[in-house]
Every structure is written in structure tokens, then in C-alpha cells.
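Trainee: Using the numbering used here, you'd call the opening residue of the sequence shown number 53 and step up by one each time.
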Amino acid sequence: MSQGPVDASQVPRFAGPDTYARLPRIDQVERADVAIVGVPFDSGVSYRPGARFGPAAVRQGSKLIRPYNPALDVSPFADLQVADAGDIVCNPFDIGAAIETIEQAAGEFDAGLVTIGGDHTIALPLLRAAHRAHGPLALLHFDAHLDTWDTYFGAEYTHGTPFRRAVEEGILDTEALSHVGIRGPLYGKADLKEDRRLGFGIVTSADVMRRGPDEIAEALRQRIGERPLYISVDIDALDPAHAPGTGTPEAGGLTSRELLEILRGLAGCNLVGADVVEVSPAYDHAEITAVAAAHVAYDLISLFALRSRA
Numbered sequence: 053m054s055q056g057p058v059d060a061s062q063v064p065r066f067a068g069p070d071t072y073a074r075l076p077r078i079d080q081v082e083r084a085d086v087a088i089v090g091v092p093f094d095s096g097v098s099y100r101p102g103a104r105f106g107p108a109a110v111r112q113g114s115k116l117i118r119p120y121n122p123a124l125d126v127s128p129f130a131d132l133q134v135a136d137a138g139d140i141v142c143n144p145f146d147i148g149a150a151i152e153t154i155e156q157a158a159g160e161f162d163a164g165l166v167t168i169g170g171d172h173t174i175a176l177p178l179l180r181a182a183h184r185a186h187g188p189l190a191l192l193h194f195d196a197h198l199d200t201w202d203t204y205f206g207a208e209y210t211h212g213t214p215f216r217r218a219v220e221e222g223i224l225d226t227e228a229l230s231h232v233g234i235r236g237p238l239y240g241k242a243d244l245k246e247d248r249r250l251g252f253g254i255v256t257s258a259d260v261m262r263r264g265p266d267e268i269a270e271a272l273r274q275r276i277g278e279r280p281l282y283i284s285v286d287i288d289a290l291d292p293a294h295a296p297g298t299g300t301p302e303a304g305g306l307t308s309r310e311l312l313e314i315l316r317g318l319a320g321c322n323l324v325g326a327d328v329v330e331v332s333p334a335y336d337h338a339e340i341t342a343v344a345a346a347h348v349a350y351d352l353i354s355l356f357a358l359r360s361r362a
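The structure is reproduced here in C-alpha cells:
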């Protein structure tokens, strides 16, 4: 039987453990089907720093999460043993060393990982670890930005380059790559051409507005198929009205409702790993961004639970 969150009828939500959703720590359970792990690293950012404080903020923003998810008719903390595995500690002064540490630590988990960042640089080592376990991955990437640029100031490993590196390294199945939420100015039209060359399809935030989450989710399901799926959510996929606490905000984004509904439309997909990144609490207001990210993580955990029923 799974050990779930602390009982809110016995311990008020403003008390108790500072774990995600007040779940048990991983050292308090015999096994973990899904592990929540933080990566407090933001040395790869190109604009506003602060995402190193994201894992703590998202854990704080998760205190009101309850055990039953009515939108997906699943009780993820009962169906699976979910535990908070704490943080992966990595070098804040050496991006290369940090990437190596994250990859090694992620590969040591015998569980599905839902990782809380941290900036988007961390997606590359997480994808490497998932690829070793599952082979070429379908990728669903929610973001305002493509993150397929080649370099920043000559640096190959930043929060704007992880998915180009992942394609170059053969980690991703180039028949099943999608960005969702893309918007805003680019450096030039060549950015879109390069992104297509790498194999990505783009769903803009305007596409979601015009077509609706259900149609978008079905199109994504068709592209993903039965492939092992990794979902990477940059919280700036949301409009700044829904996620002000992030380092590179762009106007015209998704609502939190649209993002959650698209995720829910992926029920049954072969999810093998996920991350929620770029929460930067210094720019947040009343925990708006942290709460949104906490609920995104909850629906990702719920997708793992639904997949376990198959």
C-alpha cells in the first residue's frame, strides 16, 4: 500500500513537511514509482536569474494539492508510491560539471522522474538519462521559446540550447518532436527554418487559442504515438498574467487552464519522464507561478498513474 501525503485533517496545510504536496521523503518509503526531484541550478540563464530557488517555491506552492484528481479520475498518490527525493546538488560555477552531475544522479533513480528546476539547461542531462533507459524519445516541449539555438556568446550549453544538443546527440526521435506555446520575436526567420530542420513541429499560443486544447492534444497524441515520451514544461509557456515569476516572460501566452487541459488530453501516452522549469520566485506575486507549476507537476504525476493502469 502506498504512503501518501500528510493528512490535512490532522496537520494543517501551513504546517508539516516541506516536501512536494507534503508527500513522504524517498528515504521514508520502501520504493518509489515516481520521484519528485529538484534541481536548483540557474547558471545557464540568458536574462533574469533566480530559478535556482524554483524547487523550494514549487514545493511551497504545492501545499494545497489534494490526493484525488477529478479532471483525470485518478488518485495518483494511492495508485503509485510517489515520494520527494530532495534536490540534486550540482556545481553553480561550472555548467559542464553540473550537467554531468545531473545526468548521473537522474540515471540512478529506479522510478519515473518529475523534475523541478532550475533553468532549462537541466533538460539535456535529464533527457540523456531517460534515453539510456528507454531509447529514442518523443519530446513534447511547452515553452514561449524554441530552445534550439546553437550557442549563446559561444556557449553550447545554456537554457536556450538543450534541444538542439539533444537532437545532435541522437537522443530524440525526430519524427515526434513538438513545441507548444511558442510566441514572441525571434532573431530572424532562419530560427524557424533551423528548428524545422531539426524535426520540430510548432504549435503557437495563438494556435491553442484558435483551435482549443482538445484538438491540440489530439494532434499531439497522433504525433507521439506509442513512443516513450518526455514532457518538458518551461513555465514561461504561460502568459505573464499566469506566470510572472520567470526569467524570460513573453506576452500572449497560454493560460494555466489551457496548459493543464492539453496535458490531461495526453492520458494514456507512454510518459517516461518530465520536468517543470524556469520558476523564478523573486519575480512572482502571491505564489501565482509556483502554484501553477505545482499543479502542472500534479497532472504529470497523474499521467504516470494512468499509464500504470494500462
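Glycine is no exception: its CB is placed at the ideal position from the N, C-alpha and C atoms.
Relative to the C-alpha of glutamate 310, which candidate in Gly320, Thr256, Ala357 has its C-alpha closest?
Mentor: Of the listed residues, the one whose Cα sits closest to glutamate 310 is Thr256.
Trainee: Can you check whether the CB of aspartate 327 is closer than 8 Å to the CB of glycine 102?
Mentor: No. Outside cutoff.
Trainee: If we count the other Cβ atoms within 10 Å of its Cβ and call it buried at 16 or more, is leucine 238 buried or exposed?
Mentor: With fewer than 16 Cβ atoms within 10 Å of its Cβ, leucine 238 is classed as exposed.
Trainee: Could you name the residues of the same chain whose beta carbon sits closer than 7 Å to that of proline 177, not counting the 5 residues immediately before and after it, in chain order?
Mentor: The answer, listed in chain order, is Ile151, Ile154, Glu155, Ala158.
Trainee: Cutting at 6 Å between CB atoms, please list the residues of its own chain near lysine 115, excluding the five before and the five after it.
Mentor: Excluding residues within five positions, the ones whose Cβ falls inside 6 Å are Arg65.
Trainee: Compute the distance between the beta-carbons of tyrosine 204 and threonine 173, then report whether it is under 8 Å.
Mentor: The answer is no: Cβ separation not under 8 Å.
Trainee: May I ask you to report which of helix, strand or coil DSSP gives isoleucine 283?
Mentor: Three-state result, isoleucine 283: strand.
Trainee: Which residue comes first and which comes last in the alpha helix (DSSP H) that contains serine 257?
Mentor: That run of the alpha helix (DSSP H) goes 257-263.
Trainee: Quick one: is phenylalanine 129 buried, meaning 16 or more other Cβ sit within 10 Å of its Cβ, or exposed?
Mentor: It is buried - the Cβ of phenylalanine 129 has at least 16 other Cβ atoms within 10 Å.
Trainee: Name the two residues that bound the continuous alpha helix (DSSP H) containing glutamate 152.
Mentor: Unbroken alpha helix (DSSP H) run through glutamate 152: 147-159.
Trainee: Using the Cα positions of alanine 344 and serine 308, report the straight-line distance between them to the nearest angstrom.
Mentor: Each residue's alpha carbon lies about 7 Å from the other.
Trainee: With distances taken Cα to Cα, identify the nearest neighbour of valine 290 among Glu160, Phe194, Ile78.
Mentor: Going by the sequence as given, residue 290 is leucine instead of valine. Among Glu160, Phe194, Ile78, the Cα nearest to that of leucine 290 is on Phe194.
Trainee: Going along the chain, which residues of its own chain have a beta-carbon closer than 7 Å to the beta-carbon of lysine 51, five neighbours each way excluded?
Mentor: As displayed, the chain neither begins before 53 nor continues past 362, which places residue 51 out of reach and without an answer.
Trainee: Can the beta-carbon of aspartate 70 be found less than 8 Å from the beta-carbon of arginine 111?
Mentor: Their beta carbons are under 8 Å apart, which means aspartate 70 touches arginine 111 by this criterion.
Trainee: Candidates Val260, Gly90, Gly325, Asp336: which alpha carbon is nearest leucine 352's?
Mentor: Out of Val260, Gly90, Gly325, Asp336, Gly325 has the C-alpha closest to the C-alpha of leucine 352.
Trainee: Measuring only the C-alpha atoms, how far is leucine 358 from glycine 206?
Mentor: For leucine 358 and glycine 206, the distance between alpha carbons rounds to 43 Å.
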